[in-house]
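In the UniProt record's numbering, the protein residues as written are 1 to 693. These notes are about the structure you will find just below.
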Ligand code: SF4
């Protein structure tokens, strides 16, 4: 049997996978020993990929209002509907909601159609829920959305600070690499900053169970302490940064004592950070999913700029994404406030992209971000919504309002691989898309490494690639010449060419080479980090070690970060704080991992973690059934009494949907408040009551 090198479709680690089809619709799955992200390792989810390949519950044929139709009928219906809505209500009455599950080529096609030819930037991605705060923080500090470091920095560091990250469960292979490095060099220290005691704490030298939402106060305190102790990299700060005094003034006005940590633990953390040159601070959804998410990101970056610890081996701030291709979406501009190829809506960028795409219909202003986009659907302002490869009826905050909005939408379209999804149920037009194992393209992981996803199973039923579905609709709308691709290699070349087109930044990157890659070269493309500075020999592929940031003056910015509480405070009716997240062996809304009996064995039921004091106050014991009730909705879970959560905090998994357990969809109860800069929802902090049923 032929062995196919591809990439895991789950988390942002982006592990290489070797798939050997068995000729009966299944495949043997192994880790790719040559892939730089995992070097042969796989986690439980990756290793079980072969158990998720069945065609059970797949969407295999186009449907309109529950009736099977031909592709021509479905595509004609979509094109005619979009044309009518735009003619009657204008382009902003149309929206796309896409996904970090899309391949970069699919992402590029969706973005090009709606922004370039439908004339609206109302396209947002579920990556808005994942890393939008990091994007905005990077842009404020660096002048660009650039991840400075590489995974190997975790192994080379002497201090690794994990903030709002349960790395052991959410990015397991990276955790395995960190664990192995710490065993090999026991002097390496690991600090976990998380209100919960998670499995990641098993390798922690120090766990700071801070008060939820107090991260900015903690890192402001660290910045002040570093400055007072003389840990400032004076030359780096003078030559490569701006804004330190204002940021320090704001930081020193706060008090790290409000974080709920002991003075001894605070002092120890500050001391380790001050004394350890090789320090990496990795942060994830506990930082990003907050109404203060962007400030949290900048508060962390400020400490690395002050100490000059960025872009050199074993040091730097590092945002790790939840999704397999959140980074690819960032590259092609699939966020509503980006244009394409990391450009925004500045006049020069609009002119450049408009000429490259050969369109006069280019969207001229940013579109709606995810929460606002679904609100606009609910108000009837958006009349045609096309959802691709994601399940917002389960995954958006205030999720039942999303379901109601879709029910009232004139033209609701979903492109999906699976049939069993709350969102597929809610949409009138259903377009069958290829799944992992069948589709072909590229993904970009959290260290900017681009890998190929390659097909090793045939397309089932009438399922088609996402890029093909988009291009066929474009052709029916009269834009066929701009979408005349014959395969994903054409789209990859166009994406690379647009990145290089009249782009001053390309003086530092080897971008143009990929625009001329032939099909054979695309076919055998090995994983590579992109963009990478051409001075890679000096930086090892990292950014900013020698300064040279992307603001016009080439300096980074310290950003003053005010301490702000979460949007909604607990009250007597809702005294507990609901935190949500992943469990180890499930992925998102379980449409794929839910097929594996082995994976289900880890957490077979949805449970809510409750501190013993809070459980006793409600006469609750492990195994009881309880309702989580918030101002926005309710969900039902089995109780798990645990001192891993702080008193006053509860934790519930995000995975269960109405398809799986009608009442355990936690996002029905989650508040929809967003960060004012990034638009990222505050999924980690909703005031709730827990009641015994
Ligand atoms: Fe897949 Fe992430 Fe596990 Fe790697 S760590 S095998 S990318 S889920």
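Backbone N, C-alpha and C define an ideal beta-carbon position, used for all residues, glycine too.
Give the straight-line distance between the Cα atoms of residue i and residue j, rounded to the nearest whole angstrom.
{"i": "residue 602", "j": "residue 584", "result": "8 Å"}
{"i": "residue 211", "j": "residue 643", "result": "15 Å"}
{"i": "residue 685", "j": "residue 342", "result": "31 Å"}
{"i": "residue 359", "j": "residue 551", "result": "29 Å"}
{"i": "residue 680", "j": "residue 332", "result": "19 Å"}
{"i": "residue 66", "j": "residue 73", "result": "14 Å"}
{"i": "residue 368", "j": "residue 503", "result": "27 Å"}
{"i": "residue 450", "j": "residue 516", "result": "17 Å"}
{"i": "residue 41", "j": "residue 247", "result": "42 Å"}
{"i": "residue 3", "j": "residue 18", "result": "6 Å"}
{"i": "residue 5", "j": "residue 513", "result": "23 Å"}
{"i": "residue 499", "j": "residue 275", "result": "41 Å"}
{"i": "residue 507", "j": "residue 544", "result": "For residue 507, the predicted model reports a pLDDT of 49, less than 50, meaning its position is unreliable; a value from the coordinates is still stated below. Near 15 Å, if we compare the C-alpha coordinates of residue 544 and residue 507."}
{"i": "residue 387", "j": "residue 71", "result": "17 Å"}
{"i": "residue 103", "j": "residue 271", "result": "43 Å"}
{"i": "residue 316", "j": "residue 310", "result": "4 Å"}
{"i": "residue 87", "j": "residue 350", "result": "23 Å"}
{"i": "residue 373", "j": "residue 633", "result": "20 Å"}
{"i": "residue 46", "j": "residue 394", "result": "23 Å"}
{"i": "residue 687", "j": "residue 244", "result": "36 Å"}
{"i": "residue 106", "j": "residue 490", "result": "12 Å"}
{"i": "residue 691", "j": "residue 448", "result": "45 Å"}
Are the beta-carbon atoms of residue i and residue j separated by less than 8 Å?
{"i": "residue 153", "j": "residue 329", "result": "no"}
{"i": "residue 292", "j": "residue 128", "result": "no"}
{"i": "residue 452", "j": "residue 442", "result": "yes"}
{"i": "residue 52", "j": "residue 592", "result": "yes"}
{"i": "residue 214", "j": "residue 260", "result": "yes"}
{"i": "residue 32", "j": "residue 12", "result": "no"}
{"i": "residue 273", "j": "residue 222", "result": "yes"}
{"i": "residue 219", "j": "residue 280", "result": "no"}
{"i": "residue 133", "j": "residue 297", "result": "yes"}
{"i": "residue 95", "j": "residue 385", "result": "yes"}
{"i": "residue 164", "j": "residue 326", "result": "no"}
{"i": "residue 430", "j": "residue 63", "result": "yes"}
{"i": "residue 454", "j": "residue 438", "result": "no"}
{"i": "residue 27", "j": "residue 36", "result": "no"}
{"i": "residue 79", "j": "residue 471", "result": "no"}
{"i": "residue 617", "j": "residue 664", "result": "no"}
{"i": "residue 406", "j": "residue 426", "result": "yes"}
I believe residue i touches residue j by the beta-carbon criterion, under 8 Å. Please report the beta-carbon distance rounded to the nearest angstrom.
{"i": "residue 689", "j": "residue 566", "result": "Contact doesn't hold; Cβ gap of about 17 Å is too wide."}
{"i": "residue 418", "j": "residue 58", "result": "6 Å"}
{"i": "residue 294", "j": "residue 677", "result": "4 Å"}
{"i": "residue 357", "j": "residue 143", "result": "That belief does not hold up - the Cβ atoms of residue 357 and residue 143 are roughly 25 Å apart, past 8 Å."}
{"i": "residue 206", "j": "residue 191", "result": "5 Å"}
{"i": "residue 637", "j": "residue 607", "result": "6 Å"}
{"i": "residue 397", "j": "residue 670", "result": "4 Å"}
{"i": "residue 556", "j": "residue 232", "result": "Residue 556 to residue 232, Cβ: 14 Å. No contact."}
{"i": "residue 148", "j": "residue 554", "result": "Contact flag wrong, Cβ pair sits at about 15 Å."}
{"i": "residue 61", "j": "residue 461", "result": "6 Å"}
{"i": "residue 49", "j": "residue 8", "result": "7 Å"}
Under a three-way DSSP split, which group does residue i fall into?
{"i": "residue 124", "result": "strand"}
{"i": "residue 244", "result": "helix"}
{"i": "residue 687", "result": "strand"}
{"i": "residue 327", "result": "helix"}
{"i": "residue 115", "result": "helix"}
{"i": "residue 672", "result": "coil"}
{"i": "residue 442", "result": "strand"}
{"i": "residue 178", "result": "helix"}
{"i": "residue 304", "result": "helix"}
{"i": "residue 273", "result": "helix"}
{"i": "residue 611", "result": "coil"}
{"i": "residue 381", "result": "coil"}
{"i": "residue 469", "result": "helix"}
{"i": "residue 456", "result": "coil"}
{"i": "residue 69", "result": "coil"}
{"i": "residue 61", "result": "coil"}
{"i": "residue 665", "result": "coil"}
{"i": "residue 319", "result": "strand"}
{"i": "residue 3", "result": "coil"}
(message) Extract the residue ranges of the beta strand (DSSP E) inside the segment 507–581, only unbroken runs of 3 or more that lie entirely within it.
(response) Qualifying beta strand (DSSP E) stretches, in chain order: 576–581.
(request) Entirely within the segment 402–439 and at least 4 residues each: give me those alpha helix (DSSP H) ranges in chain order. (result) Runs of the alpha helix (DSSP H) inside the segment 402–439: 422–426.
(message) Could you tell me which whole beta strand (DSSP E) segments of length 3 or greater appear in the segment 136–164?
(response) With a minimum length of 3 residues, the continuous beta strand (DSSP E) runs that stay inside the segment 136–164 are 159–163.
(message) Just to confirm the assignment: which complete beta strand (DSSP E) runs, minimum length 3, are found wholly within the segment 5–51?
(response) Counting only runs that start and end inside the segment 5–51, the beta strand (DSSP E) elements of at least 3 residues fall at 16–21 and 27–31.
(request) Could you pull out every unbroken beta strand (DSSP E) segment of at least 3 residues lying fully inside the segment 339–396, listed in chain order? (result) Scanning the segment 339–396 from its first residue to its last, the whole beta strand (DSSP E) runs of 3-plus residues come out as 384–388.
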